[in-house]
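The opening residue of the sequence shown carries number 6 in this note's numbering; numbering runs sequentially from there. First comes the structure, then the notes that go with it.
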Amino acid sequence: MRVYIGIDDTDSKRSMCTTYVAAVALRRAESLGAKRADLPWLVRLNPNCPYKTRGNAATCLPLEVEPSVFGAVWNSVVETVRELADLENGADPGVAAFSEESRPLLAGLYLRAVRELVELESVLKVCESHAIRYWAFGESRGLIGAAAAAGAKEETLTTYELLAYRTRAMWGKERLIDPESVRRMDELFGGQTFDNYDYDRDEVRITPHTPCPVLLGIRSTCVEVLSESLSVLRINEPLEFYEVFKTNQATDLHYVVRDLRSIRPLESVVVRGRVASEPRVTPGGHVFLKVSDDSGSVTVAAYEPTGAFRWVVARLTVGDEVAVYGSVKIKPEGLTLNLEKLHVLKLKEVYVERAPPCPLCKKSMKSVGSRKGYRCERCGYIDPKATKVRKRVDRGLVEGFYEVTVTARRHLVRPLSLKESGPNDHRSA
Ligand SMILES: [Zn+2]
Numbered sequence: 006m007r008v009y010i011g012i013d014d015t016d017s018k019r020s021m022c023t024t025y026v027a028a029v030a031l032r033r034a035e036s037l038g039a040k041r042a043d044l045p046w047l048v049r050l051n052p053n054c055p056y057k058t059r060g061n062a063a064t065c066l067p068l069e070v071e072p073s074v075f076g077a078v079w080n081s082v083v084e085t086v087r088e089l090a091d092l093e094n095g096a097d098p099g100v101a102a103f104s105e106e107s108r109p110l111l112a113g114l115y116l117r118a119v120r121e122l123v124e125l126e127s128v129l130k131v132c133e134s135h136a137i138r139y140w141a142f143g144e145s146r147g148l149i150g151a152a153a154a155a156g157a158k159e160e161t162l163t164t165y166e167l168l169a170y171r172t173r174a175m176w177g178k179e180r181l182i183d184p185e186s187v188r189r190m191d192e193l194f195g196g197q198t199f200d201n202y203d204y205d206r207d208e209v210r211i212t213p214h215t216p217c218p219v220l221l222g223i224r225s226t227c228v229e230v231l232s233e234s235l236s237v238l239r240i241n242e243p244l245e246f247y248e249v250f251k252t253n254q255a256t257d258l259h260y261v262v263r264d265l266r267s268i269r270p271l272e273s274v275v276v277r278g279r280v281a282s283e284p285r286v287t288p289g290g291h292v293f294l295k296v297s298d299d300s301g302s303v304t305v306a307a308y309e310p311t312g313a314f315r316w317v318v319a320r321l322t323v324g325d326e327v328a329v330y331g332s333v334k335i336k337p338e339g340l341t342l343n344l345e346k347l348h349v350l351k352l353k354e355v356y357v358e359r360a361p362p363c364p365l366c367k368k369s370m371k372s373v374g375s376r377k378g379y380r381c382e383r384c385g386y387i388d389p390k391a392t393k394v395r396k397r398v399d400r401g402l403v404e405g406f407y408e409v410t411v412t413a414r415r416h417l418v419r420p421l422s423l424k425e426s427g428p429n430d431h432r433s434a
């Protein structure tokens, strides 16, 4: 039989990682006779979820299991979660197994869990009616991600991540990877892998900064290059093992296209509109402006950690046509859209008026008086009919897509470097 076992919320802010729990559970399931029906799935859910620990990741193990051993496999997965989940520090894990036939019933839940906040009660009903087995601990909140991951639409799992795990003795210690070898790996495989190195900040991006079991993660659009990419790295500590996950990272799946009247807090949206106020830069280096469409207006924010992206936002002016991508937050002054990506659709043509140049010596002439023309102070040329000339201002900005710096980018956001099936302002919700 084919089963999809979703696992979620095993980590706390302090330790553990749901991918590690899933990878260990997968190895134990294999030792009991289960076969992989696919790579394990790493499914990113709504990045604005207030209950999330870090990246709001859930996992799913697609397995082919003989019905006679399913019970043993199920017990082993649940025991692995019990053993490894950080139960003392607030993890509320959930595990849920679904059949191939019941997966289409979960597709709507999956998309809602990526784009909105899902109520636990509705998920409990789904598990009661459709799960083969389910198990939860604490507040059972992990069942939401477990069922959503098991229902992930396969056509949305278009990228990969190789995750390498550390031996237990190294958890919480500094990660020993030679940065030079990361740049070398990026040079060789940068076309198929992404977010390996932040050259602006001179910083390795494949290692997390948390005390979790993950040593490194290599993200890619092509599964074939991953093990070779890993082999280029000079790693000065033992690897426990590595696992390649299929993911919905870097797909822009979390965005819904909205007009401003219908945006809601904790959603990620794409809105087309016009810049309605001049950008304001705060002393802390945050940039704010207003964007309006025919239905309303919103404050758009590019915060300091978004890097040089802010200076693009600061060059916008009233009347520019833009599509803004980001998450909607409630602030005391109203709804704010935290920018993740910006599409400058049409820059307004801005002109300044200047005194006309002298036709003889090309210097700017001086006005003689209102409607009395201009006179050249250098050669004395007078033109009583001369008027001011309009000159187009160089905006220092071109139309196109802009994104926040690598370190500020969320897992679901598609980097602009990955062009194919990239950002789309017109995709319907
Ligand atoms: Zn002159």
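All residues carry an ideal CB built from backbone N, CA and C; glycine is no exception.
Close-in-space but distant-in-sequence residues of the same chain around residue 230 (CB under 8 Å, 5 per side omitted): Here residue 230 refers to the residue found at position 225 of the sequence shown. Cβ within range, chain order: 194, 197 and 198.
So, helix, strand or coil for residue 176, using DSSP? Position 171 of the sequence shown holds residue 176. Coil.
Considering only the alpha carbon of each residue, which of 321, 63, 45 and 328 lies closest to residue 51? Translated into the one-based positions of the sequence shown, residue 51 becomes position 46. Selected option, being the one with the closest Cα: 63.
Closer than 6 Å: is that where the CB of residue 444 sits relative to any heavy atom of ligand 1? Summary: the structure shown does not reach residue 444, with the chain confined to residues 6 through 434, and so no result is reported for it.
Looking only at its chain, what residues have a beta carbon closer than 8 Å to the beta carbon of residue 423, apart from the 5 residues adjacent to it on each side? The residue labelled residue 423 in the question sits at position 418 within the sequence shown. Correct list, in chain order: 199, 226 and 255.
What are the start and end residues of the beta strand (DSSP E) that includes residue 66? For the purposes of this step, residue 66 is identified with residue 61 of the sequence shown, where counting begins at 1. Start and end: 62-69.
For residue 169, which residues from the same chain have a beta carbon less than 6 Å from its beta carbon, with the 5 sequence-adjacent residues on both sides left out? Counting from 1 along the sequence shown, the entry for residue 169 is found at position 164. Closer than 6 Å at the Cβ level, and outside the excluded window around residue 169, lie 220, 221, 244 and 247.
When you compare only the Cα positions, how much space is there between residue 390 and residue 397? Counted from its first residue, the sequence shown places residue 390 at position 385. Counted from its first residue, the sequence shown places residue 397 at position 392. Approximately 22 Å, taken between the alpha carbons.
What did DSSP end up calling residue 142 once you bin it into helix, strand or coil? As a first step, residue 142 must be located in the sequence shown, where it is residue number 137. Residue 142: coil per DSSP, three-state reduction.
Count the other C-beta atoms from every protein chain shown that fall within 10 angstroms of the C-beta of residue 416, then say buried if there are 16 or more, exposed otherwise. If you number the sequence shown from 1, residue 416 lands on position 411. Residue 416 is buried by the Cβ-count criterion.
Any non-hydrogen atom of ligand 2 closer than 6 Å to residue 365 Cβ: Within the structure as shown, ligand 2 is missing, the only ligands being ligand 1.
If we count Cβ pairs, one from each stretch, closer than 8 Å, do we get three or more for the region 370-383 versus the region 325-341? no
Beta-carbon separation of residue 352 and residue 325 under 7 Å? Residue 352 sits at position 347 when you count from the first residue of the sequence shown. Residue 325 sits at position 320 when you count from the first residue of the sequence shown. In this structure, the beta-carbon distance from residue 352 to residue 325 falls below 7 Å.
Using only alpha-carbon positions, find the residue among 128, 101, 267 and 318 that is nearest to residue 290. Start at 1 with the first residue of the sequence shown, and residue 290 comes out as number 285. Of the candidates 128, 101, 267 and 318, the residue whose Cα lies closest to the Cα of residue 290 is 318.
Kindly list the residues whose CB is nearer than 7 Å to the CB of residue 162, restricted to its own chain and excluding five residues on each side of it in sequence; keep chain order. One-based indexing of the sequence shown puts residue 162 at position 157. Correct list, in chain order: 46, 251, 252 and 253.
Taking DSSP as the reference, what is the three-state secondary structure of residue 429? Numbered from 1 along the sequence shown, position 424 holds the residue referred to as residue 429. Reliability of the predicted coordinates at residue 429 is poor, the pLDDT of 43 falling under 50, and the value obtained from them is presented with this limitation in mind. Shown here, residue 429 sits in coil according to DSSP, grouped into three states, outside any helix or strand.
Answer yes or no: do residue 257 and residue 419 have a C-beta to C-beta separation smaller than 7 Å? Sequence index remark: in the sequence shown, residue 257 carries index 252 (1-based). Sequence index remark: in the sequence shown, residue 419 carries index 414 (1-based). Yes, they are a contact pair.
Please report how far the alpha carbon of residue 26 lies from the alpha carbon of residue 66, in whole angstroms. If you number the sequence shown from 1, residue 26 lands on position 21. If you number the sequence shown from 1, residue 66 lands on position 61. Answer to the nearest angstrom: the Cα atoms are 11 Å apart.
Just to confirm, does residue 383 get its C-beta within under 6 Å of one of the non-hydrogen atoms of ligand 1? For the purposes of this step, residue 383 is taken as the residue at position 378 of the sequence shown. Yes, since a heavy atom of ligand 1 falls inside the 6 Å radius drawn around the Cβ of residue 383.
Let me know if residue 401 comes out buried or exposed under the rule of 16 or more other beta-carbons within 10 Å of its beta-carbon. The residue you call residue 401 lines up with position 396 of the sequence shown. Exposed, since its Cβ has fewer than 16 Cβ neighbours within 10 Å.
Using a Cβ-based criterion (distance less than 6 Å to any ligand heavy atom), does residue 386 qualify as near ligand 1? Start at 1 with the first residue of the sequence shown, and residue 386 comes out as number 381. Yes - ligand 1 has a heavy atom lying nearer than 6 Å to the Cβ of residue 386.
To the nearest angstrom, how far is it from the Cα of residue 98 to the Cα of residue 10? Within the sequence shown, numbered from 1, the residue matching residue 98 stands at position 93. Within the sequence shown, numbered from 1, the residue matching residue 10 stands at position 5. Going by the C-alpha atoms only, they are around 13 Å apart.
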